[in-house]
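Quick note, the sequences are listed as chains A and B, same order. Per my numbering, the first sequence runs over residues 108 to 537. Per my numbering, the second sequence runs over residues 1210 to 1473. We put the beta carbon where it would ideally sit given N, CA and C, even for glycine.
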Amino acid sequence: MKFTWFNLCPWPHLPDNFREEHRSVWVDIPSELFDPEEGNRVYNTYLDQLEYADALGFDGIGVNEHHQNGYGLMPSPNLMAASLARRTSKAAICVIGNSIALYNPPIRVAEEFAMLDVISGGRLVAGFPVGSPMDTNFCYGQVPALLRDKYYEAHDLIMRAWQDPEPFAFDGKYNQLRYVNCWPRPIQKPHPPIYIPGGGSIETWDWCAENDYNYSYLSFSGYIAGKAMMDGYWERLDAMGKDLSPYRGAFAQIICVADSDEEAEELYAEHCLYFFNRCLHVAPQFSDPAGYRTVNTIKAGKLDQLRAENQKIFQNLTWKDLVEKGFVIAGSPDTVRERCEDMIRSLNVGHVFSLFHIGDMPDWKVRRSSKLFAEKVMPQLQDLWPDWKGDDRWWIKPYEDRVRGEATMPGGEQDARAHRIEDPNEEGVR
Amino acid sequence: MMSILQTRTCTTRKGIAFEVREQGEGPPLVFLHGLTGLLDEEPLIDALAENFHVYAPVWPGFGAEEGELAIEDMLDFTLHGLDVLDALEVDRPILVGHSFGGMIAAEMACLQNDRFDRVVLLSPFGLWIDADPIADAFATLAFDLPPMFFADPEAGQRVLAAGLDFSNNEALTNFMVANARRMGTAGKVLFPVPNRRVSKRLYRMTADALVVWGAEDKLIPPVYGSHWERALPSARSVEIPGAAHMLTCERPAEVAEAISKFLT
């Protein structure tokens, strides 16, 4: 099993009456609700937590991309990842991911991801989401009915840019480039592991299967509701004659660990309710513009996680509902281990994007929950897939002799301040 | 009723099949429908068919025929519109376009300006003035479109969701699919801002133009009537009281009268 410590980076100060006063946490949320000076503390706390997760031994640390969003403060996850690349040295840096149709030209993603892979010493996991309608259509103005086509083109361009040894001309419908020549190139060969985060478009299953990419179902509805989606994916893989390695799949899950089940409620309930009641308050008219979902997906009845029906569910949830329905896995280390095992086995996933920072949770609770999980839960879940031991097709392959963050930090063996400011060729030049 | 009515399927030179409704006798008049597609009841067509042979083709994405995948941008729509006229063998029709169809009609009349003498634009998309923003029909749930399109939302509801049984899942899915195809296709030229720079090409329009607006249009503010009038080389504009964006349904007699006055 691989556990990635994921932070959505929510704004923790949405007012109590947010739901009543504002129609959406996303797209047209008033920017005056963001306080830049408080933001200084928030961003640095979140980065500290991601670094802490590396120190705790999580396999990966994860960030993602959202725009104009009160629960996702990372319009550029690559900036976060760049900081993490310098301050950590073990964990995979999972950028899940860049909405590649939004980059103009998308070669920018090939370049920035290559930079991250090189700086981190081959630790990048590269996510290529199509992107939500809120981000892609309403915030970034992409035509809904053309988005997927543009996405596929961007994908083809990036993958070729990483692998083609010669400069080439690219004559795309959305991008025309006379000299595609990716500098730098990624360390990982032939390319970093590719993860495709999906929200429920059935086309994405076949796309992942055909390309042997990891399919990551990022839902906040928990593992019980997520089973239908993951089952659909495994059925497609099976039908296409692919092996069913659990490492082909990833799932995002909110997890809260305390000393006891009662203490979990006491410590974490309010923050989970903040998340579900305020952070997920998305205006339904932004969640499904005509043309975004294909006709096949509409007919298949796969609902996007943020559609009106689900919005109503979130509004009325109690802590008991959250836990019983699996939106949140919470409790003592034993309870959490048991439920995580149930999740992992029922979804057949080898990767869990674990959300420990939830809503407006204070730093000390985040660290406490993460530490308990790392020490008392994670070790017992690591070998759940003995038949697939060593299947690293969807994991990073770091460069052994990479520069390590701890070596370059103050006091480390490569501390820049310890170097003499002296040019050995000085005399020769004169 | 004097009118004859038939619906048939034709194919353009490019190979895109389209349905066309034909009605009436007289000089050829082509009616290009708007965002709601060609409705079962089109009272404006009925009125125009008293004096004209009306051809009402269905845009890709708005009918049973597929073909919307081949249409990606403004030029594709414009050429498709001209290809449709060729397929129908109507050489020099009076061109009437409503809403999204009006936007395409304006482009057609600019591109092939020697083909059209008279053009009627009924609350067309195509211009954007920052001070007069057009409402966002794409950030609107399908069920909330009637109040945006009609002066009388309840009547609008009856028109747009005619006979829809909300408790029938399959019927609901079909409605969602049809709406997604229509609006998704139109979105290729309307999203996110419905301006594909026809303003740069309007100098080419040699036809006389009539611009008609519903005085209560909540989607495209009626002030756009005068914006179009100023931007076109030869145009006049009129407002129809008591009608919104769907003036074709809400005040068909008054719209037909304005058109007939313009043509005589």
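Q: Please determine, among B/Asp1374, B/Glu1379 and B/Arg1327, the residue with the shortest C-alpha to C-alpha distance to B/Pro1236.
A: B/Arg1327
Q: Assign A/Gln258 to one of two classes, buried (16 or more other C-beta atoms within 10 Å of its C-beta) or exposed (fewer than that).
A: The sequence shown places Tyr at residue 258 of chain A, not Gln. Label assigned to A/Tyr258: buried.
Q. How many angstroms separate the CA atom of B/Cys1458 from the CA atom of B/Leu1472?
A. 21 Å
Q: Answer with buried or exposed for A/Asn147, where buried requires no fewer than 16 other C-beta atoms within 10 angstroms of its C-beta.
A: exposed
(Q) Between which two residues does the alpha helix (DSSP H) holding B/Thr1457 run? (A) Its alpha helix (DSSP H) spans residues Leu1456 to Glu1459.
**Q.** CB contact check: A/Arg255 to chain B, cutoff 8 Å
**A.** no
Q.
Does the CB of B/Leu1456 have a neighbour CB from chain A at under 8 Å?
A. no
(Q) Please classify B/Asn1377 as buried or exposed, where buried requires at least 16 neighbouring CB atoms within 10 angstroms. (A) Burial state of B/Asn1377 is exposed, judged by a 10 Å Cβ sphere holding fewer than 16 other Cβ atoms.
Q. Going along chain A, which residues have a C-beta under 7 Å from B/Asn1388?
A. Those within 7 Å of B/Asn1388 in chain A are Ala397.
Q | Identity of the residues DSSP links to B/Val1217 by a beta bridge | A | The question names Val, but residue 1217 of chain B is Arg in the sequence shown. Under DSSP, B/Arg1217 shares a beta bridge with B/Val1229.
**Q.** 6 Å Cβ shell around A/Pro297 - same chain, five flanking residues per side excluded
**A.** If we look at A/Pro297 and ignore the five residues flanking it on each side, its Cβ neighbours are Gln270.
Q.
When you compare the CB positions of B/Val1329 and B/Val1239, do they come within less than 8 Å of one another, or not?
A. no
Q: For A/Lys496, name the three-state secondary structure that DSSP assigns.
A: coil
Q | DSSP-derived helix/strand/coil call for A/Trp112 | A | strand
Q. Counting contacts by CB-CB distance shorter than 8 Å, is B/Gly1393 in contact with chain A?
A. yes
**Q.** Selected residue, minimal CA-CA separation from B/Ala1421, among B/Glu1448, B/Asn1383 and B/Pro1430
**A.** One detail in the question is off: residue 1421 of chain B reads as Val in this sequence, not Ala. Answer by Cα proximity: B/Glu1448.
**Q.** Element boundaries [alpha helix (DSSP H), containing A/Tyr247]
**A.** First-last for A/Tyr247: undefined, no H or E at that position.
(Q) Would you call the segment 191-208 of chain A in contact with the segment 154-168 of chain A, where contact means no fewer than 3 C-beta pairs closer than 8 Å? (A) yes
Q. Using a Cβ-Cβ distance under 8 Å, would A/Val287 count as near chain B?
A. no
Q.
Could you give the first and the last residue of the continuous beta strand (DSSP E) run that contains A/Gly305?
A. Ile301 to Gly305
Q.
With DSSP as the reference, identify every bridge partner of A/Phe593, one or two as the case may be.
A. With chain A covering 108 to 537 only, the question about residue 593 of chain A has no answer from this structure.
Q: Please compile the residues from chain A whose C-beta is within a distance smaller than 7 Å of the C-beta of B/Phe1347.
A: Pro396 and Ala397
Q | Whole-angstrom distance between B/Asp1345 and B/Ala1360, CA atom to CA atom | A | 17 Å
Q. Do A/Pro304 and A/Gly234 have their C-beta atoms closer together than 8 Å?
A. yes
Q | alpha helix (DSSP H) runs contained entirely in the segment 1259-1333 of chain B, provided each spans 4 or more residues | A | 1283-1297 and 1309-1320
Q: Assign A/His458 to one of three DSSP states: helix, strand, or coil.
A: Here DSSP, grouped into helix, strand and coil, assigns A/His458 to strand.
Q.
Quick check: is the beta carbon of B/Thr1272 nearer than 8 Å to any beta carbon in chain A?
A. Correcting the residue type first, residue 1272 of chain B is Gly in the shown sequence and not Thr. No, no contact with chain A.
Q: Determine, using beta carbons only, whether A/His388 and A/Ser138 come nearer to each other than 8 Å.
A: no
Q.
When you compare the CB of A/Gly457 with every CB in chain B, is at least one pair closer than 8 Å?
A. no
Q) Taking any Cβ of chain A, which residues in the segment 1297-1327 of chain B have a Cβ under 9 Å from it, in chain order? A) none
Q: Identify which residue in A/Ser326, A/Ala208, A/Asp278 and A/Ala316 has its Cα closest to the Cα of A/Ala346.
A: With distances taken between Cα atoms, A/Ala346 lies closest to A/Ala316.
Q. Name the chain B residues that come within less than 9 Å of A/Gly248, Cβ to Cβ?
A. Phe1400, Pro1401 and Val1402
Q: Provide the residue span of the beta strand (DSSP E) that contains B/Trp1422, from first to last.
A: Judged by DSSP secondary structure, B/Trp1422 falls within the beta strand (DSSP E) whose first and last residues are Asp1417 to Gly1423.
Q. Counting pairs of beta carbons, one from the segment 244-262 of chain A and one from the segment 1383-1403 of chain B, are three or more of them closer than 8 Å?
A. yes
Q: Could you confirm whether any beta carbon from chain B is found closer than 8 Å to the beta carbon of A/Asp411?
A: Confidence in A/Asp411 is poor, its pLDDT being 46 and thus under 50, which makes the residue's placement unreliable; the coordinate value appears in the next sentence. Taking Cβ atoms only, chain B never reaches closer than 8 Å to A/Asp411, which makes this a no.
Q: Rank B/Pro1252, B/Gly1224 and B/Phe1261 by C-alpha distance to the C-alpha of B/Leu1304 and give the top, closest one.
A: Comparing Cα-Cα distances from B/Leu1304 to each of B/Pro1252, B/Gly1224 and B/Phe1261, the minimum goes to B/Phe1261.
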